[in-house]
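Visitor:
Protein chains: 2
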Amino acid sequence: MKTLPLEKALTFIEPGPLTLVTTFDGKKPNVMTISWTAALDFNQHILLVTGPWNYSFDALLKTKECVVCLPGPALLKKAVQVGMISGETEDKFKKLRIKTYPAKKVKAPLLAGCVACLECRVTDYIKKYGFVILQVMEVWHNERCRDKRLVHAVGDGTFTADGEHFNLRALMKEKLPPGL
Amino acid sequence: MKTLPLEKALTFIEPGPLTLVTTFDGKKPNVMTISWTAALDFNQHILLVTGPWNYSFDALLKTKECVVCLPGPALLKKAVQVGMISGETEDKFKKLRIKTYPAKKVKAPLLAGCVACLECRVTDYIKKYGFVILQVMEVWHNERCRDKRLVHAVGDGTFTADGEHFNLRALMKEKLPPGL
Chain A
6 MKTLPLEKAL TFIEPGPLTL VTTFDGKKPN VMTISWTAAL DFNQHILLVT
56 GPWNYSFDAL LKTKECVVCL PGPALLKKAV QVGMISGETE DKFKKLRIKT
106 YPAKKVKAPL LAGCVACLEC RVTDYIKKYG FVILQVMEVW HNERCRDKRL
156 VHAVGDGTFT ADGEHFNLRA LMKEKLPPGL
Chain B
6 MKTLPLEKAL TFIEPGPLTL VTTFDGKKPN VMTISWTAAL DFNQHILLVT
56 GPWNYSFDAL LKTKECVVCL PGPALLKKAV QVGMISGETE DKFKKLRIKT
106 YPAKKVKAPL LAGCVACLEC RVTDYIKKYG FVILQVMEVW HNERCRDKRL
156 VHAVGDGTFT ADGEHFNLRA LMKEKLPPGL
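These protein sequence lines are chains A and B, in that order.
Heads up: the first sequence at position 19 corresponds to 24 in my numbering, and the numbers run straight through without jumps.
Heads up: the second sequence at position 86 corresponds to 91 in my numbering, and the numbers run straight through without jumps.
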């Protein structure tokens, strides 16, 4: 994977994709599937909505670090399986044969085969809503990933991959943030 | 448009689509384009990230009502144009030839031609992050909309429409919420 300028983080989160979020609790890594996310600004702040029902949640808040990974269609089935077993009792990486790479700025790992991975630090947590505010520290792009379509959870057990692409840059050029 | 059970609201927001949010300030309706949204729970709470840079923001907080509409590809160009002009100086509906229908539970209008429209009440606002928490009150689905693909903003002036569909319900049946 290759790093990209930080501004590119937005282009992986704004589309609203399914994400795989890795953590490292000091002993072992873990990964959770999160679909409830949002872009927050043009300064690489992003939102995860999660809570103590995820075993990784503790590690996320304690270490204040994670990697938000974007699976393509090739990893979709594994992404669903990640959400169906618990890291408390199983080694998800071993069981689901998911390879990892070391990250640069955090101890949580990058996931092999993903379209992109965003190394993040937790900057705030709003317990009432399970809002975890993240600052993206590093953006990795997997140029060798054959199928770079992002996938979106519909919420009913079905998913869609990115389809037709539309370029409306000319219409909104006055409002495009720098670097995008 | 026909109403759907409230549980279906999630299936229009969880995929992370571009939205058009209508308001009514007591005198006239307005509409803004918002891409920074998230699903929050299985009780029809959803999140918009916005702020005073949107002219409709005042009306949204004062009336505590809006309609979150999901444009398909046919309305994408207009959705971008909605974001490029201000309701303070222009009547966006007239200028962009966007038709509206009365909603059932709020005074903000439904937008004709959208894939779906969610009537919402504002239940909370977190100023620090521009978080507007909404409770969906009514779900409208446009059965006659020819192209029901949702569209996703990439953040760089390009957009994608929903493409290939994957059904993984069997894999995650234990975790599917009731009604979905």
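Backbone N, C-alpha and C define an ideal beta-carbon position, used for all residues, glycine too.
Under three-state DSSP, which class holds tyrosine 134/A?
Guide: In the structure shown, tyrosine 134/A sits in a helix (DSSP, three-state: H, G or I).
Visitor: Using beta carbons (cut-off 8 Å, strictly below), is proline 76/A in contact with chain B?
Guide: Chain B, which has no Cβ nearer than 8 Å to the Cβ of proline 76/A, makes this no.
Visitor: When the distance is taken between beta carbons, is alanine 43/A closer than 8 Å to tryptophan 58/B?
Guide: Their beta carbons are not under 8 Å apart, which means tryptophan 58/B does not touch alanine 43/A by this criterion.
Visitor: Just to confirm, is the Cβ distance from lysine 178/A to glycine 88/B under 8 Å?
Guide: Cβ atoms of lysine 178/A and glycine 88/B: not closer than 8 Å.
Visitor: By how many angstroms is the C-alpha of cysteine 150/A removed from the C-alpha of lysine 109/B?
Guide: Those two C-alpha atoms are separated by around 47 Å.
Visitor: Measuring CB atoms only, is the region 155-167 of chain A touching the region 124-134 of chain A, in the sense that at least three cross pairs come out at less than 8 Å?
Guide: Because the criterion of three Cβ pairs below 8 Å is not met, the region 155-167 of chain A and the region 124-134 of chain A do not touch.
Visitor: Using 8 Å as the cut-off, can you tell me whether the region 69-86 of chain A makes contact with the region 20-38 of chain A, which would need three or more C-beta pairs spanning the two stretches below that distance?
Guide: A contact exists between the region 69-86 of chain A and the region 20-38 of chain A.
Visitor: Just curious, the beta strand (DSSP E) that alanine 43/B is in, first and last residue?
Guide: Unbroken beta strand (DSSP E) run through alanine 43/B: 42-44.
Visitor: Is there a C-beta anywhere in chain A that falls below 8 Å from the one on asparagine 172/B?
Guide: Yes, contact with chain A.
Visitor: What distance in whole Å lies between the Cβ atoms of arginine 154/B and glycine 21/A, which are believed to be in contact at a cut-off of 8 Å?
Guide: About 14 Å separates the two Cβ atoms, so there is no contact after all.
Visitor: Mapping the DSSP letters down to three states, classify phenylalanine 47/A as helix, strand or coil.
Guide: It is coil, neither helix nor strand.
Visitor: State buried or exposed for asparagine 172/B, treating a residue as buried only when at least 16 other CB atoms are found within 10 Å of its CB.
Guide: Classification for asparagine 172/B: exposed.
Visitor: Cβ-heavy atom distance between histidine 170/A and the ligand ZN below 7 Å?
Guide: The model on display carries no ligand, and the ligand ZN is accordingly not part of it.
Visitor: Thinking just about the alpha-carbon of each residue, which of Phe47/A, Leu139/A, Val111/A, Leu53/A is nearest to the one in glutamate 19/B?
Guide: Nearest C-alpha to glutamate 19/B: Leu53/A.
Visitor: Suppose only complete runs of 4+ residues qualify. What are the alpha helix (DSSP H) ranges in the region 67-125 of chain A, listed by chain order?
Guide: List check, alpha helix (DSSP H) in window: 81-87, 97-100.
Visitor: Below 8 Å on the Cβ atoms is my contact criterion, and I expect isoleucine 39/A with threonine 55/A to pass it. Report the Cβ-Cβ distance as a whole number of Å.
Guide: About 6 Å; that satisfies the 8 Å criterion.
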